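Residue numbers (full-length UniProt numbering): 1 to 222.
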């Protein structure tokens, strides 16, 4: 045994005799927005012959040491790097889709030498408050409704007033399934304004760099 691989084993026509190599790093989990790129790195030690990338169990790209990458579709491409005796293959998935979510595997055709990660593709849908402006009277309690449509997963919704977070006890959020594996959310905020203020509804998922938001101006008429 050497480096967690079997030395001297003939494993397929490309493995050769006396081989002793292994995956030394990667790939790592990734969470991306639909339509963007997802990248996964797999680093192997010297002596490798063939590296195969699989998406949910199906081969999508092959790298052969003697000739480089064999790409069969424009959506799955690679970049290759060499650092000393180690070789790194970077799998690039272009225009990611919700259906791409799942296990991404790097295989070097050695027994027990498959490393894997998980790809999570998320979708940010629409977000809106039905009223762009509301006029309220003194001591009037109102409900403001914020709707998120076509998200994956369902977003975490919070509310702010004049840039300050509103306590969660002031609003109720309900989630419901949408079409094509997407999710909807409806958040209802109940409050009694005492002054003119700007309300902001924020929807967040992991892949968003910052929450998506929608605003409404409450005009206090006393």
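Using N, Cα and C, we set each Cβ at its ideal position, and we do this for glycine too.
These numbers were taken from a predicted model, which means no experiment stands behind them.
Through-space distance from residue j to residue i, alpha-carbon basis
{"i": "residue 167", "j": "residue 103", "result": "38 Å"}
{"i": "residue 142", "j": "residue 114", "result": "57 Å"}
{"i": "residue 176", "j": "residue 76", "result": "33 Å"}
{"i": "residue 211", "j": "residue 43", "result": "34 Å"}
{"i": "residue 48", "j": "residue 22", "result": "8 Å"}
{"i": "residue 56", "j": "residue 161", "result": "44 Å"}
{"i": "residue 260", "j": "residue 33", "result": "An answer regarding residue 260 cannot be provided, because it is not within the stretch 1 to 222 covered by the chain."}
{"i": "residue 220", "j": "residue 140", "result": "10 Å"}
{"i": "residue 11", "j": "residue 117", "result": "Caution applies to residue 11, whose pLDDT of 38 falls short of 50 and renders its modelled position unreliable; the value that the coordinates give is listed next. Roughly 24 Å separates the two Cα atoms."}
{"i": "residue 199", "j": "residue 159", "result": "7 Å"}
{"i": "residue 40", "j": "residue 67", "result": "21 Å"}
{"i": "residue 164", "j": "residue 153", "result": "26 Å"}
{"i": "residue 81", "j": "residue 65", "result": "12 Å"}
{"i": "residue 54", "j": "residue 134", "result": "53 Å"}
{"i": "residue 38", "j": "residue 96", "result": "7 Å"}
{"i": "residue 205", "j": "residue 72", "result": "32 Å"}
{"i": "residue 209", "j": "residue 20", "result": "42 Å"}
{"i": "residue 129", "j": "residue 110", "result": "55 Å"}
{"i": "residue 195", "j": "residue 98", "result": "43 Å"}
{"i": "residue 100", "j": "residue 193", "result": "46 Å"}
{"i": "residue 138", "j": "residue 222", "result": "5 Å"}
Residue i vs residue j beta-carbon contact at 9 Å
{"i": "residue 91", "j": "residue 136", "result": "no"}
{"i": "residue 214", "j": "residue 151", "result": "no"}
{"i": "residue 217", "j": "residue 132", "result": "yes"}
{"i": "residue 70", "j": "residue 89", "result": "no"}
{"i": "residue 186", "j": "residue 144", "result": "no"}
{"i": "residue 148", "j": "residue 170", "result": "no"}
One or two residues paired with residue i in a DSSP bridge
{"i": "residue 186", "result": "147, 174"}
{"i": "residue 140", "result": "Answer is none; residue 140 lacks a bridge partner."}
{"i": "residue 25", "result": "43"}
{"i": "residue 59", "result": "54"}
{"i": "residue 83", "result": "86"}
Where the beta strand (DSSP E) through residue i begins and ends
{"i": "residue 159", "result": "156 to 161"}
{"i": "residue 131", "result": "Neither: residue 131 is in no beta strand (DSSP E) and is coded neither H nor E."}
{"i": "residue 115", "result": "114 to 122"}
{"i": "residue 203", "result": "197 to 204"}
{"i": "residue 166", "result": "No beta strand (DSSP E) contains residue 166, which DSSP labels as neither H nor E."}
{"i": "residue 214", "result": "212 to 221"}
{"i": "residue 107", "result": "102 to 107"}
### Task
State whether the region 104 to 111 contacts the region 20 to 27, with contact taken as three or more CB pairs (one from each stretch) at a distance under 8 Å.
Touching, yes, given that three or more Cβ pairs across the two stretches are closer than 8 Å.
### Task
Determine, using beta-carbon pairs with one atom in the region 116 to 124 and one in the region 74 to 86, whether at least three such pairs fall under 8 Å.
no
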